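So the structure is just underneath, and the comments pick up after that.
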């Protein structure tokens with residue numbers, strides 16, 4: 775079902791303009807955009823400091839990145855969300871909480887190289903990405919080889935992808951693709967909330983609701999070699 779457009783969407787997005795560093799796409803051909811368009815962000819200018827930068831792809835309503843930014847005030851966070859309605863909710867959350875170490879990109883993940891420099895990100899978070907189980911949609915999965923090639927370009931040496939999902943099928947697919955594409959996989963758990971990693975885990979409302987149904991959360995770390 776198509777999400778209903780939020781009331782006064784554009785004026786509300788404009789009111790959060792200080793948080794939004796990229797929006798839309800430079801042209802309809804995403805491959806052409808990623809290859810030829812360059813508007814690389816100057817992180818020091820954007821955040822007014824030289825702190826390290828981490829990236830969440832598919833930030834949803836911003837619950838995870840907001841909590842992460844509170845816990846780690848000396849890290850800068852870039853949050854990517856393609857849906858206008860959803861990125862607005864995340865930006866309004868961050869603005870209301872007065873967090874200064876988060877900025878947003880309302881762009882397709884395919885064109886992140888247009889905006890982010892090579893080897894400029896220390897960590898990428900993939901939280902509950904849509905599994906897209908249909909074989910015809912494999913290229914759209916955020917852990918498919920074409921996206922892993924993008925992450926390799928953006929991540930610093932030994933940079934990490936930290937993935938959480940509620941889909942075991944997608945999790946197994948992702949583990950395989952990490953290894954096939956030259957990442958080292960570690961810290962794998964198939965029941966996050968009963969694992970040694972539970973204490974530091976940020977539990978969003980979505981994750982809490984899913985877990986309350988007795989279902990397991992899967993988590994792994996993939997390191998760029």
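Residue numbers (the numbering used here): 775 to 999.
C-beta atoms are modelled at their ideal positions from N, C-alpha and C, and glycine is treated no differently.
None of the values given here were measured: they were computed from a predicted structure.
Item, Value
"Below 8 Å CB to CB, which residues in the same chain sit around residue 775 once its five sequence neighbours on both sides are set aside?", "Only weak support is given to the placement of residue 775: the predicted model assigns it a pLDDT of 43, under 50, and the value that follows is read from those uncertain coordinates. Result list for residue 775: empty, nothing under 8 Å."
"Sorted by chain position, which residues of the same chain lie with C-beta nearer than 7 Å to residue 955's C-beta, five sequence neighbours on each side aside?", "919 and 922"
"Compute the beta-carbon to beta-carbon distance between residue 890 and residue 928, rounded to the nearest angstrom, for a pair I have assumed lies under 8 Å.", "5 Å"
"Kindly say whether residue 875, judged by its beta-carbon, lies nearer than 8 Å to any beta-carbon of chain E.", "Among the protein chains of the structure shown there is no chain E, as only one such chain exists."
"Taking 8 Å as the threshold (C-beta atoms), are residue 898 and residue 831 in contact?", "yes"
"When the Cβ atoms of the segment 941–948 are set against those of the segment 904–919, are three or more pairs found closer than 8 Å?", "yes"
"Do you know offhand how far residue 935's Cα is from residue 996's?", "5 Å"
"Can you find the residues in the same chain that come closer than 8 Å, C-beta to C-beta, to residue 838, ignoring five residues on each side of it along the sequence?", "830, 899, 901, 976 and 978"
"With a 10 Å radius around its C-beta and 16 neighbouring C-beta atoms as the bar for buried, classify residue 970 as buried or exposed.", "exposed"
"Quick check on DSSP: helix, strand or coil for residue 937?", "strand"
"Helix, strand or coil, according to DSSP, for residue 859 in the structure here?", "helix"
"Measure the CB-CB distance between residue 958 and residue 999 and report whether it falls below 8 Å.", "yes"
"Classify residue 974 as helix, strand or coil using the three-state DSSP reduction.", "coil"
"Where do the N-terminal and C-terminal ends of the alpha helix (DSSP H) with residue 981 fall, by residue?", "979–986"
"Inspect the beta-carbon positions of residue 853 and residue 864 and report whether they are closer than 8 Å.", "yes"
"I'd like the list of long-range same chain contacts for residue 798, defined as Cβ closer than 8 Å, with 5 residues on each side in sequence excluded.", "880 and 881"
"Consult DSSP for residue 775 and reduce its assignment to one of helix, strand or coil.", "Because residue 775 sits at a pLDDT of 43, beneath the cut-off of 50, its placement in the model cannot be relied upon, and the point is left open."
"From residue 992 to residue 944, what does the alpha carbon distance come to, in whole angstroms?", "10 Å"
"Using the C-alpha atoms, what's the distance from residue 847 back to residue 796?", "22 Å"
"Look up residue 827 in the DSSP assignment and give the residues it is bridged to.", "850"
"Within 10 Å of its beta-carbon, does residue 989 have 16 or more other beta-carbons around it, so buried, or fewer, so exposed?", "exposed"
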